[in-house]
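Under this note's numbering, residues 8 to 457 are what the sequence shown spells out, in order.
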Amino acid sequence: MFFMFGLLYMTNFISISAFLFLVAMYAIYRYWSMKPRNFPPGPTGLPVFGVLPYLGMRPEQTFNKWKKTYGPVMGVRMSKKDWVVLGDHSNIKLNSLEQHVRNEAPHLIEAVRGQSNKPFDIENIVTNAVFNTLSLVVYGQRFEYSDQRFHESLPFALTNETFAGILKTVFTRRNSKKRNMENLEGIMGMSCSFYLLIHYWVSDNLLHHFLEHKNTMSRQTLRGFVDAFLSVQDSGIDSSFNVDQLIHYISDLFICGTITTAGALRWALLCLLHHPDKQDKMRREIIEVLGRKGIERLSEVADLPYTSAFIHEVCRYRTIFPLGLPHKTSYDVLLDSYFIPQGTTVCINLWGVHNDPCLFDEPGEFRPERHLYEDGKFGRSDYVIPFSVGPRHCLGHQVASMMLFSHLVNLMRNFEFLPDPTDPNLPDITNGSSGILFLPRNFKLVAKAL
Numbered sequence: 008m009f010f011m012f013g014l015l016y017m018t019n020f021i022s023i024s025a026f027l028f029l030v031a032m033y034a035i036y037r038y039w040s041m042k043p044r045n046f047p048p049g050p051t052g053l054p055v056f057g058v059l060p061y062l063g064m065r066p067e068q069t070f071n072k073w074k075k076t077y078g079p080v081m082g083v084r085m086s087k088k089d090w091v092v093l094g095d096h097s098n099i100k101l102n103s104l105e106q107h108v109r110n111e112a113p114h115l116i117e118a119v120r121g122q123s124n125k126p127f128d129i130e131n132i133v134t135n136a137v138f139n140t141l142s143l144v145v146y147g148q149r150f151e152y153s154d155q156r157f158h159e160s161l162p163f164a165l166t167n168e169t170f171a172g173i174l175k176t177v178f179t180r181r182n183s184k185k186r187n188m189e190n191l192e193g194i195m196g197m198s199c200s201f202y203l204l205i206h207y208w209v210s211d212n213l214l215h216h217f218l219e220h221k222n223t224m225s226r227q228t229l230r231g232f233v234d235a236f237l238s239v240q241d242s243g244i245d246s247s248f249n250v251d252q253l254i255h256y257i258s259d260l261f262i263c264g265t266i267t268t269a270g271a272l273r274w275a276l277l278c279l280l281h282h283p284d285k286q287d288k289m290r291r292e293i294i295e296v297l298g299r300k301g302i303e304r305l306s307e308v309a310d311l312p313y314t315s316a317f318i319h320e321v322c323r324y325r326t327i328f329p330l331g332l333p334h335k336t337s338y339d340v341l342l343d344s345y346f347i348p349q350g351t352t353v354c355i356n357l358w359g360v361h362n363d364p365c366l367f368d369e370p371g372e373f374r375p376e377r378h379l380y381e382d383g384k385f386g387r388s389d390y391v392i393p394f395s396v397g398p399r400h401c402l403g404h405q406v407a408s409m410m411l412f413s414h415l416v417n418l419m420r421n422f423e424f425l426p427d428p429t430d431p432n433l434p435d436i437t438n439g440s441s442g443i444l445f446l447p448r449n450f451k452l453v454a455k456a457l
């Protein structure tokens, strides 16, 4: 009798425990799947992880598939944070720079000429050229391509800085009141090269220039952005622009400008290898209009409609920032009747816009002619948005656009780009790096001097 009572008790206990466990699991699931009132629809995801396990290696393509089910304004949870993904376009002057691009052009051409007529990887050369152009804008000086410390650490450090920023965005709590510098200190240890970039290029370089430029600055001849900042400081003008903001803006310029331009240049070169007929057509236009002198003024872009269309198509065909740069809503907003709370992270599926068949006929095809009018003039598409949209888009987008055009034209007028003769296959143009950046995988080409 006692044994039967104990067995019955244990059975009831197990049943109650199982019931409570299921209730607890359901409560946890409901808590993690709970979204703000009238939040945009989207897949539920898993507790703790949200939709992260389902994104795969190409999250922009996953979001584009979900768009067909949930619509162009989609709400998802990634880790502890609510995100809004926008998948519809309707929801989403540089004289000194021109001079700096012209000054860097001979160094770029000479570096490529040193590798001409043999297979080589052009990544480091174009990255150095782009970085030096920005360094001239900011500091008023450039670095030699042979600077090994700069040559080895820059590409890895920039990539890791971007990755660290995304991790901070995803895994910090919404409405966190921690200061940005405290968050930065927490993620600096994630990457040795990221630490080296911050230490060398900011602490050692920028602060060194502060001291140097204070003693050598001339108000009549400002050498770069840092000089301009110091000039405002010395003038006594009451300005809220401080050193922290200066470093932030410079970081934006280097990260957006260097990665996007160098990556887009390499995608453009890959397209040239895969489409030699388009390479010939573009070169004929450049030589006919500019001769061998290259670009002198940005206004000359209008005289190169096919070249403009080619570059525009590269930016559409291979989107460097597939999901753009994430932003946060600074206040509660309504979007297409959906409620987006303050502090929600918002990103735009730029890849989805660029591959929308309603906007571009056969978007998987590389076709520069789609950006030309019947009279042959270039027509800039409002739907090609490689650097995101709005007043808070990538700070370096104008800089990147100017450098991309000028450096590519200078390369095209000096070289014919051919595939590596030792490789029977053309470099892969369909796949690239996975993650926040979509960059070409390493490839070799031959630059035949003209």
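Virtual Cβ for every residue (Gly too), placed ideally from N, Cα, C.
Looking at the unbroken alpha helix (DSSP H) that takes in residue i, where does it start and where does it end?
i: Ala316; result: Pro312 to Tyr324
i: Pro283; result: Pro283 to Leu297
i: Glu130; result: Glu130 to Val145
i: Val360; result: Leu357 to His361
Go through its chain and collect everything with a Cβ distance to residue i's Cβ below 6 Å, but skip five positions before and after it.
i: Arg325; result: Trp274
i: Leu366; result: Tyr390
i: Gly49; result: Tyr77, Met81, Gly82 and Val83
i: Pro426; result: Leu280 and Leu433
i: Trp90; result: Val83 and Thr352
i: Ser337; result: none
i: Gly52; result: Val58 and Arg84
i: Pro375; result: Ala316, Phe317 and Glu320
i: Tyr380; result: Gly386
Given this structure, state the Cα-to-Cα distance separating residue i from residue j, to the nearest angstrom.
i: Ala171; j: Val108; result: In this prediction, Ala171 has a pLDDT of 43, which is less than 50 and means its spatial position is unreliable; what the coordinates show is noted afterwards. Each residue's Cα considered, the two are about 30 Å apart.
i: Leu330; j: Met419; result: 30 Å
i: Glu320; j: Val133; result: 20 Å
i: Asp382; j: Ala454; result: 33 Å
i: Met85; j: Val58; result: 6 Å
i: Ser388; j: Pro54; result: 41 Å
i: Phe317; j: Asp363; result: 19 Å
i: Phe450; j: Phe422; result: 17 Å
i: Arg448; j: Asn438; result: 8 Å
i: Leu62; j: His334; result: 19 Å
i: Val137; j: Ser344; result: 43 Å
i: Ile129; j: Lys285; result: 20 Å
i: Met195; j: Gly371; result: For Met195, the pLDDT reaches just 34, beneath the cut-off of 50, and the residue's location in the model is therefore unreliable, although a value from the coordinates is still provided. When rounded, the distance between both Cα atoms is 39 Å.
i: His378; j: Ser440; result: 27 Å
i: Glu159; j: Pro66; result: Note on Glu159: pLDDT 49, under 50, position unreliable in the model; the coordinate value appears next. Approximately 29 Å between the Cα atoms of the pair.
i: Arg290; j: Pro60; result: 46 Å
i: Asp368; j: Ser153; result: 45 Å
i: Val145; j: Phe127; result: 30 Å
i: His361; j: Phe373; result: 12 Å
i: Gln68; j: Gln106; result: 39 Å
i: Gly298; j: His414; result: 15 Å
i: Lys184; j: Leu332; result: Only weak support exists for where Lys184 lies, its pLDDT of 42 falling under 50; the value from the coordinates is given anyway. Whole-angstrom Cα-Cα distance: 21 Å.
Taking the beta strand (DSSP E) that residue i falls in, what are its first and last residues?
i: Tyr380; result: Per DSSP, Tyr380 belongs to no beta strand (DSSP E) and is neither H nor E.
i: Tyr77; result: It is not in any beta strand (DSSP E) - Tyr77 instead sits in the alpha helix (DSSP H) that spans Pro66 to Tyr77.
i: Ala456; result: Leu452 to Ala456
i: Ile347; result: Tyr345 to Ile347
i: Arg448; result: Arg448 -> no beta strand (DSSP E), and no H or E assigned at all.
i: Arg84; result: Val80 to Met85
i: Glu423; result: Phe422 to Pro426
i: Val92; result: Lys88 to Leu93
Would you mind working out which of the options sits nearest residue i, comparing C-alpha positions?
i: Phe70; options: Phe373, Gly57 and Gly359; result: Gly359
i: Ala112; options: Met289, Val416 and Pro434; result: Val416
i: Leu411; options: Tyr61, Leu62, Leu115 and Gln68; result: Leu115
i: His282; options: Thr429, Phe424, Lys125 and Leu62; result: Phe424
i: Asn124; options: Pro428, Asn438 and Lys87; result: Pro428
i: Ile436; options: Glu376, Asp343 and Cys278; result: Cys278
i: Phe46; options: Pro60, Val92, Ile293 and Lys72; result: Val92
i: Thr314; options: Asp287, Gln349 and Gln122; result: Asp287
i: Cys354; options: Gly94, Phe385 and Glu117; result: Gly94
Please tell me whether residue i and residue j are closer than 8 Å, where the distance is taken between their beta carbons.
i: Lys74; j: Met81; result: yes
i: Leu341; j: Leu452; result: no
Among residues of its own chain, excluding the 5 on either side of residue i, which ones have a beta-carbon nearer than 8 Å to its beta-carbon?
i: Arg180; result: Residue placement at Arg180 is flagged as unreliable, the pLDDT there being 43, under the threshold of 50; the coordinate-derived value follows with that caveat. Correct list, in chain order: Lys87 and Lys88.
i: Leu457; result: Arg420, Asn421, Phe422 and Glu423
i: Val119; result: Ile129, Ile132, Leu418, Asn421, Phe422 and Ala454
i: Ile293; result: Leu311, Thr314, Val416, Met419 and Arg420
Cutting at 7 Å between CB atoms, please list the residues of its own chain near residue i, excluding the five before and the five after it.
i: Cys322; result: Ala271, Val391 and Pro393
i: Gln148; result: Ser142
Could you tell me if the beta carbon of residue i falls within a distance shorter than 7 Å of some heavy atom in the ligand PLP?
i: Ser440; result: Absent from the structure shown: the ligand PLP. Ligands present: none.
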